[in-house]
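Line by line, the protein sequences are chains R and G.
Numbering follows the working numbering, in which position 2 of the first sequence is assigned residue number 2; successive positions increment by one, without gaps.
Position in the second sequence counted from 1, then plus 1000, gives you the working numbering.
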Amino acid sequence: MATLDSVQNDIIRLLGEKVEGDLTLTADTNIVADTGLDSVSVMDFVFELEDEFGITVPLDRISDVKTVRQLAEAIHGLILESA
Amino acid sequence: MSIEDKVMAVEKAFGALKALGRDPTRLEFDEVISPTEAVLEGRRTILLGTNNYLGMTFDEACVSEAKAAIDQFGTGTTGSRIANGTYGMHKALERRVADFYGKKCAVVFSTGYAANLGSISALAQQGDYLLIDADSHASIYDACKLSSAEVIRFRHNDPEDLARKLARLQGKPGDKLIVTEGIYSMLGDTAPLAEIAAVKREYGAYLMVDEAHSLGTLGARGRGLCEQADVEADCDFIVGTFSKSIGTVGGFCVSDHEGVEILRSISRPYMFTASLPPAVIAAARQSFDQMEANPQLREQLWRNARTFYDGLEALGFVLGPEVSPVVAVKLPGKELAVRFWNALIEAGVYTNIAIPPSTPGALSLLRSSISAAHSREQIADALDIFARVGAEMNLIPANKADRRRLAEPQGALRIVTGGGAPAKADTPRKAQQARASGAPRG
């Protein structure tokens, strides 16, 4: 079972492949404001997380997410629910 | 966030792009001459950004019916149908739309946007699931916000991703409503509806198709992609708009499910806005008649679309994935797209600009919509202008633009220089109307 930390590390790794430049991603990185990705690109990135973790991410579960940590918490919660 | 902060945020997002030329949100046409031509900044301009696929806005019969309706019923209904009552015309239009689709029921809305908002939000409620294509129109996303159903995106035009998501919902109570579109408005691509319908059947979901850009443009009778893909029996709800092929304004939801009538009692975008005015209703009804009586309009639309798509492709532009009445040119970056859009306007062609975050895949697009009412000369003129401006901006190889010029017969060159009007742009309105109607009428 994935832990919150492992989910967060996976998100940082996968998001790092999307972000241009030498930005260092951390748990506190604001996914839209800091990465240069627009909101639609972030929603498309969530598809990759769905494939990675074998879950579905309803839009309302990530509507208030701003940081990598918040996204990891939302994804980790959905993994637990789907187990 | 204060209003001042909001103003600053918009300025930060769009100010630099607006500074390159015009503000697309404030563009003002001096005169609209025909379905395909207007005067913009004093120039006669070919319209390639109107979604006026069949040229119905100036159809003589539609205009005449609209005028007669004003004389008989006045300029407006001044309120909603639940408050001010239904006119016989509203019911007649709903019957007309239902008959056109061969369905039992139709409900009309005051706009296409409201049709999506009102249908989706009322049909999918608390405990239900909405499964929407990732590239859905803003009206579908906004409908999801108004609905209390759980909203799940599936990858654009990907029935397998849809199936995975429905499989994860198996055993959970609640209706599952899949929402897709016929033709997607940004790139002009069509949904794989046969495959999506198969998934719908397998998982016992409902299917709604938004035929906004495919009504009048696809299918043997112009019903849209459901007709073309032979999935009309699988499509539980069709939504659409009167503002594109039908040439006026308004929207609808049509279905064999008599339950669609509940929209009248629970759909807020149906209940709490003014109903369609008489002139619009009359024009829409007549437009359906004209569309059915003149299938050659659809044939002409596709000839024009093919010519324009092939012409741009030969010039070296990168386009959307399939020939369509929506022809999207992909450009490398927002700034270049804005510059190209401005330069085309100055050369006498109006297109739609679309940039992230309004576009899929963070694409920067110039989107053209083709009409049956475009003359061969207008399509050729527009291609010439794309060639010249595209070559000047190094968007396409100059030799391809030269080749296009050389391929034109002597004397047929219509390259416009110095931002002037296209030489053939002064086609008389009557002739344009005749073309738009498919056949001259008295």
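Ideal Cβ positions, reconstructed from N, Cα and C, are used throughout, including at glycine.
When burial is assigned at 16 or more other CB atoms within 10 Å of the CB, is residue i buried or exposed?
i                     : result
alanine 1412(G)       : Unreliable positioning characterises alanine 1412(G) in this predicted model, as indicated by a pLDDT of 41, which lies under 50. A coordinate reading is not provided.
valine 68(R)          : buried
glycine 1418(G)       : Caution applies to glycine 1418(G), whose pLDDT of 36 falls short of 50 and renders its modelled position unreliable; the value that the coordinates give is listed next. Exposed is the call here.
serine 1064(G)        : exposed
serine 1214(G)        : buried
phenylalanine 1272(G) : exposed
serine 63(R)          : exposed
isoleucine 1003(G)    : exposed
glycine 1102(G)       : exposed
glutamate 50(R)       : buried
threonine 35(R)       : buried
alanine 1167(G)       : exposed
alanine 1150(G)       : First, the amino acid is wrong: residue 1150(G) is glutamate here, not alanine. Label assigned to glutamate 1150(G): buried.
valine 1209(G)        : buried
valine 65(R)          : buried
glutamine 1170(G)     : exposed
valine 1010(G)        : exposed
arginine 1223(G)      : buried
proline 1159(G)       : buried
leucine 80(R)         : exposed
methionine 1089(G)    : buried
leucine 1027(G)       : exposed
glycine 1079(G)       : exposed
glycine 1055(G)       : buried
Pull up the CB-CB distance for residue i and residue j, whole angstroms please, since I reckon it's below 8 Å.
i                   : j                 : result
histidine 1137(G)   : glutamate 1202(G) : 26 Å between Cβ atoms; not a contact.
phenylalanine 47(R) : arginine 1155(G)  : 6 Å
glycine 1247(G)     : serine 1287(G)    : 5 Å
glutamate 1322(G)   : aspartate 1189(G) : 6 Å
asparagine 1342(G)  : glycine 1021(G)   : 3 Å
proline 1325(G)     : alanine 1114(G)   : About 23 Å; that fails the 8 Å criterion.
valine 1108(G)      : leucine 1263(G)   : The pair is not a contact, with the Cβ atoms about 10 Å apart (cut-off 8 Å).
isoleucine 1238(G)  : glutamate 1211(G) : 6 Å
aspartate 987(G)    : leucine 1218(G)   : A query on residue 987(G) cannot be resolved here, the shown segment of chain G reaching from 1001 to 1442 and no further.
In chain order, what residues of the same chain lie with their CB nearer than 6 Å to the CB of residue i, ignoring the 5 residues before and after it?
i                 : result
glycine 1076(G)   : Pro1277
arginine 1367(G)  : Ala1328, Asn1352 and Ala1354
arginine 61(R)    : Ala74
arginine 1096(G)  : Arg1285 and Phe1288
valine 1039(G)    : Asp1030 and Glu1031
alanine 1279(G)   : Ala1066, Ala1069 and Ile1070
glutamine 1126(G) : Ser1148
arginine 1081(G)  : Ser1275
isoleucine 31(R)  : Val42
threonine 1057(G) : Pro1035 and Gly1247
In the DSSP assignment, the beta strand (DSSP E) including residue i goes from what residue to what residue?
i                  : result
threonine 1307(G)  : That residue, threonine 1307(G), is in no beta strand (DSSP E); its alpha helix (DSSP H) goes 1296-1315.
leucine 4(R)       : Taken as a continuous stretch (DSSP letters only), leucine 4(R) belongs to no beta strand (DSSP E), being part of the alpha helix (DSSP H) at 4-16.
leucine 59(R)      : First-last for leucine 59(R): undefined, no H or E at that position.
isoleucine 1238(G) : 1237-1241
alanine 1038(G)    : 1037-1040
aspartate 1210(G)  : 1206-1210
leucine 1451(G)    : Summary: the structure shown does not reach residue 1451(G), with chain G confined to residues 1001 through 1442, and so no result is reported for it.
isoleucine 1152(G) : 1150-1154
valine 1254(G)     : 1251-1255
Below 7 Å CB to CB, which residues in the same chain sit around residue i once its five sequence neighbours on both sides are set aside?
i                  : result
tyrosine 1184(G)   : Asp1135
alanine 1233(G)    : none
aspartate 1142(G)  : Leu1117
aspartate 10(R)    : Glu52
isoleucine 1266(G) : Ala1122
isoleucine 1132(G) : Ile1140, Cys1144, Val1151, Arg1153 and Val1179
Could you give the residue range of the alpha helix (DSSP H) that holds residue i?
i                  : result
isoleucine 1379(G) : 1376-1392
methionine 43(R)   : 39-53
glycine 1015(G)    : 1003-1018
valine 1063(G)     : 1060-1073
arginine 1026(G)   : Segment: none, arginine 1026(G) is in no alpha helix (DSSP H) and carries neither H nor E.
arginine 1201(G)   : 1193-1203
isoleucine 1046(G) : Not the alpha helix (DSSP H): isoleucine 1046(G) falls in the beta strand (DSSP E), residues 1043-1047.
glycine 164(R)     : Limits of chain R in this structure are 1 at one end and 83 at the other, which puts residue 164(R) out of reach.
glutamate 1160(G)  : 1159-1169
glutamate 1227(G)  : 1225-1228
Counting only the same chain and skipping the five closest in sequence on each side, list residues whose C-beta sits under 8 Å from that of residue i.
i                : result
arginine 1404(G) : Gly1311, Ala1314, Leu1315, Leu1383, Asp1384 and Ala1387
alanine 1163(G)  : Val1199, Glu1202 and Tyr1203
Inset, instruction - Counting only runs of 4+ residues fully inside the region 1080-1112 of chain G, write out the alpha helix (DSSP H) ranges in chain order. - result: The qualifying runs are 1081-1084 and 1088-1101.
Inset, instruction - Just list the beta strand (DSSP E) runs in the region 1257-1283 of chain G, keeping only unbroken ones of 3 residues or longer that don't cross its boundaries, in chain order. - result: none
Legend entry - Entirely enclosed beta strand (DSSP E) segments - the region 1319-1372 of chain G, minimum 3 residues: 1326-1331, 1352-1354 and 1364-1369
Legend entry - Inside the region 1112-1148 of chain G only - alpha helix (DSSP H) runs reaching at least 4 residues: 1112-1123 and 1138-1146
Legend entry - Within 7 Å of chain B by C-beta, residues of the region 50-74 of chain R in sequence order: Note that chain B does not occur in the displayed structure, where the protein chains are R and G.
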